[in-house]
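Everything in the sequence shown is counted per full-length UniProt numbering, starting at 1 for the first residue and increasing by one.
Where is the CB? At the ideal position from N, CA and C, for every residue including glycine.
A quick note: this is a predicted structure, and the numbers were derived from the prediction, not measured.
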Amino acid sequence: MSPILRWRDVSITYGGASEPAVSGVDLSVEPGDTLGLAGESGCGKTSLAMSVLRLLPRTARVDGQVLLDGEDVREMSFGRLRAVRWAGASVVFQGAMHALNPVRTVGEQIAEPIRLHGGKGDLSARVAELLTQVELPLDRAGAYPHELSGGQKQRVMIAMALACEPRLVIADEPTTALDVVVQAQVLDLLKRLVAERGIALVVISHDLSVLSATCSRLAVMHRGELVEHGPTEQVMSRPQHEHSRALADAFPTVGEARFRLTQGGPVGEPLLTAEDVQVTFRSRSGGTVRAVRGVDLEVGRNEIVALVGQSGSGKTTLARTLLGLQRPTGGQVRFRSAPLPTGVAALREYRRKAQLVLQDPTGALNPRHTVYEAVAEGLRIHGITDDEPGRVSAALEAAELRPAEQYFARFPHELSGGQRQRVVIAGALVLEPEVLIADEPVASLDATVRGEILSLLLRLRVDRGLSTLVITHDLGLAWNIADRVAVMYQGEIVELGTVEQVLLDPQHDYTQTLLAAVPSTTRRVA
Numbered sequence: 001m002s003p004i005l006r007w008r009d010v011s012i013t014y015g016g017a018s019e020p021a022v023s024g025v026d027l028s029v030e031p032g033d034t035l036g037l038a039g040e041s042g043c044g045k046t047s048l049a050m051s052v053l054r055l056l057p058r059t060a061r062v063d064g065q066v067l068l069d070g071e072d073v074r075e076m077s078f079g080r081l082r083a084v085r086w087a088g089a090s091v092v093f094q095g096a097m098h099a100l101n102p103v104r105t106v107g108e109q110i111a112e113p114i115r116l117h118g119g120k121g122d123l124s125a126r127v128a129e130l131l132t133q134v135e136l137p138l139d140r141a142g143a144y145p146h147e148l149s150g151g152q153k154q155r156v157m158i159a160m161a162l163a164c165e166p167r168l169v170i171a172d173e174p175t176t177a178l179d180v181v182v183q184a185q186v187l188d189l190l191k192r193l194v195a196e197r198g199i200a201l202v203v204i205s206h207d208l209s210v211l212s213a214t215c216s217r218l219a220v221m222h223r224g225e226l227v228e229h230g231p232t233e234q235v236m237s238r239p240q241h242e243h244s245r246a247l248a249d250a251f252p253t254v255g256e257a258r259f260r261l262t263q264g265g266p267v268g269e270p271l272l273t274a275e276d277v278q279v280t281f282r283s284r285s286g287g288t289v290r291a292v293r294g295v296d297l298e299v300g301r302n303e304i305v306a307l308v309g310q311s312g313s314g315k316t317t318l319a320r321t322l323l324g325l326q327r328p329t330g331g332q333v334r335f336r337s338a339p340l341p342t343g344v345a346a347l348r349e350y351r352r353k354a355q356l357v358l359q360d361p362t363g364a365l366n367p368r369h370t371v372y373e374a375v376a377e378g379l380r381i382h383g384i385t386d387d388e389p390g391r392v393s394a395a396l397e398a399a400e401l402r403p404a405e406q407y408f409a410r411f412p413h414e415l416s417g418g419q420r421q422r423v424v425i426a427g428a429l430v431l432e433p434e435v436l437i438a439d440e441p442v443a444s445l446d447a448t449v450r451g452e453i454l455s456l457l458l459r460l461r462v463d464r465g466l467s468t469l470v471i472t473h474d475l476g477l478a479w480n481i482a483d484r485v486a487v488m489y490q491g492e493i494v495e496l497g498t499v500e501q502v503l504l505d506p507q508h509d510y511t512q513t514l515l516a517a518v519p520s521t522t523r524r525v526a
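This is how it looks when you write it as structure tokens:
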């Protein structure tokens, strides 16, 4: 059987770079084959994948051969390339929200590639067929992207990729930031499509657990080179290269002692408390949505609590309520046993003591502000004028950006993902808070950077006595650093206890479902 895709001695160099981003890669993919491209940011895996449809910037020079059904993509005319895109090979891009057009309906966007390839007239039947294939309700055709969950948006991207019946699909980080249940559903969908339609699938990810759950073969890249390649079971169970071993070891296995990064310590009195908190919103139809239903939760001094649950469970609404950004419709929030104030000035003072670390550091930072301005912003909002440079420097040092002065004049685009997340954390630390609420603080970070940020949160507890509420869908993160776990489902806390109690001996059906959906680096491919 001849391969659908073959990279033959491919090297990719960007204009002005002294070293190639990809160097001498040989790989092939046959019909019905599933290949996982693994590696951390900057290793060259996305550059390699984007070379297939000539989606690289003009500054990139591609050497070697990129053969699609035996035809070198580099030598195709633009007209031929246009015919191949979507119909011969298609891409499921990483950020579904950013890849979808916010002002066009889902049905229109699924139909677009078909129209580009000559489809005319009413395509609603074909759109309905594609929605069924990706297991979305037919009425979603009339919805806009903002009306869909993260998992639903990802399914729309997959439907678009399948619209012209390509023989090859490339999925770039298809489950980043999805909760574990939705992630498992998307991965199962991709595997089923390969089995039923015989397409070739290339999945790009820094997460070996995702690739081992989806792909029959793994190719591990490091600094632009292919350092290991073979059957998934062989690469996962007997990795030959040290980087393959490092990637496999970076993702925690719930229950294994070596992934438990904290031993805990004495927990002080309750610092932040939710008492029977309820939050109800009015829906478009005039009804009500109970986002948070009678939640009792506390974070003690010197404690890390993980609030886990899938998208839509009410975690973020509860966090906003704890910060005073959302007023509860019932119950109350207490800080140091006193009810949260309602006045503007008093709330501002409270928010000095309770700070938020946002999920997406790129979105949280103003691209036109330097690191110094980003960290100093909180001081200026709160009118703190004494020794601003010293306070900014101390916050950056505490976030382990050292020496701090070297980062003052840098802009977000000049930093790595991990460095941007540290700047966001420094922006919270500069006000010397007593509690952090961290919303998915490592969701989009590479394996090694993820470990660095988690270690930083643990050190901040030791060095500053900082309490933290971590909002996450990542049960491995909870096992890494939390003292206690609260599991949230449909607006309620359905299970609460120590990490060992909840994750090793779950009592609620939903907790058991979450744990069963976590992909493992030891999972075998059927």
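Three or more Cβ pairs closer than 8 Å define a contact, and the stretch 386 to 402 falls short of that threshold against the stretch 312 to 319. In the pairwise beta carbon analysis, the stretch 142 to 154 is classified as not touching the stretch 112 to 128: fewer than three pairs are separated by under 8 Å. Distance between H369 and E414, taken at the CA atoms: about 12 Å.
Residue environment analysis places A125 among the exposed positions, since fewer than 16 neighbouring C-beta atoms fall within 10 angstroms of its C-beta. In this structure, DSSP gives H243 a helical state, which the three-state scheme calls helix.
In terms of Cβ geometry, T13 and R61 form a close pair [threshold 8 Å]. Counted as a single uninterrupted DSSP element, the alpha helix (DSSP H) harbouring M236 occupies residues T232 to S237.
Excluding five sequence positions before and after F259, the CB atoms of its chain that fall closer than 8 Å to its own CB belong to P252, T253, G476, W479 and N480, given in chain order. A486 sits buried, since 16 or more C-beta atoms from the chains shown fall within 10 Å of its C-beta. Distance from the CA atom of L247 to the CA atom of E165, rounded to whole angstroms, is 34 Å. In this structure, DSSP gives F281 an extended state, which the three-state scheme calls strand.
Looking at the backbone, the Cα of V220 and that of A38 are separated by about 5 Å. Positions of the alpha helix (DSSP H) runs, each at least 4 residues long and wholly inside the stretch 304 to 339, are given as 315 to 322 in order along the chain. Per DSSP, the continuous beta strand (DSSP E) segment holding E492 begins and ends at E492 to T498. Taking all protein chains in view, the Cβ of Q310 is crowded by 16 or more other Cβ atoms within 10 Å, so the residue is classified as buried.
Around the beta carbon of P137, fewer than 16 other beta carbons lie within 10 angstroms, which makes this residue exposed.
Contact between I204 and V169 fails: their C-beta atoms lie close to 12 Å from each other, not under 8 Å. With respect to E434, L271 sits close: the two C-beta atoms are nearer than 8 Å.
DSSP places G24 within a strand segment (E or B) once states are collapsed to three. Measuring C-alpha to C-alpha distances from I304 to each of P266, E30 and T214 identifies P266 as the nearest. Within the same chain, and ignoring the five residues on either side of S11 in sequence, the residues whose Cβ sits closer than 7 Å to its Cβ are P20, V22, S23, G24, D63 and G64. The beta carbons of G70 and S2 sit about 7 Å from each other, so the pair counts as a contact at 8 Å. In the three-state reduction of the DSSP assignment, P519 falls in the coil class, being assigned neither a helical nor a strand state. In the structure shown, L436 adopts extended strand secondary structure according to DSSP, grouped into three states.
Judged by DSSP in its simplified three-state form, V442 adopts coil rather than helix or strand. Rounded to whole angstroms, the Cβ separation of G36 and T214 is 7 Å, and the two are in contact under 8 Å. Per DSSP, S455 is one residue of the alpha helix (DSSP H) stretching across A447 to R464.
Counting only the Cα atoms, H98 lies some 28 Å from G121.
Counting C-beta atoms within 10 angstroms of its own C-beta, T176 has 16 or more neighbours from the protein chains shown and is therefore classed as buried.
Counting every other CB atom within 10 Å of its CB across the protein chains shown gives G363 a total below 16, marking it as exposed. As far as DSSP is concerned, L148 takes part in no beta bridge. For a cut-off of 8 Å, the C-beta gap from S41 to G417 is around 6 Å, short enough to register as a contact. Distance check between G142 and each of V371, T105 and L5 places T105 closest, using alpha-carbon atoms only. Ranked by Cα distance from L67, the first of Q263, P367 and D9 is D9. Going by beta carbons, R461 and T468 fall inside the 8 Å limit.
Here the C-alpha atom of V277 lies approximately 7 Å from the C-alpha atom of V333.
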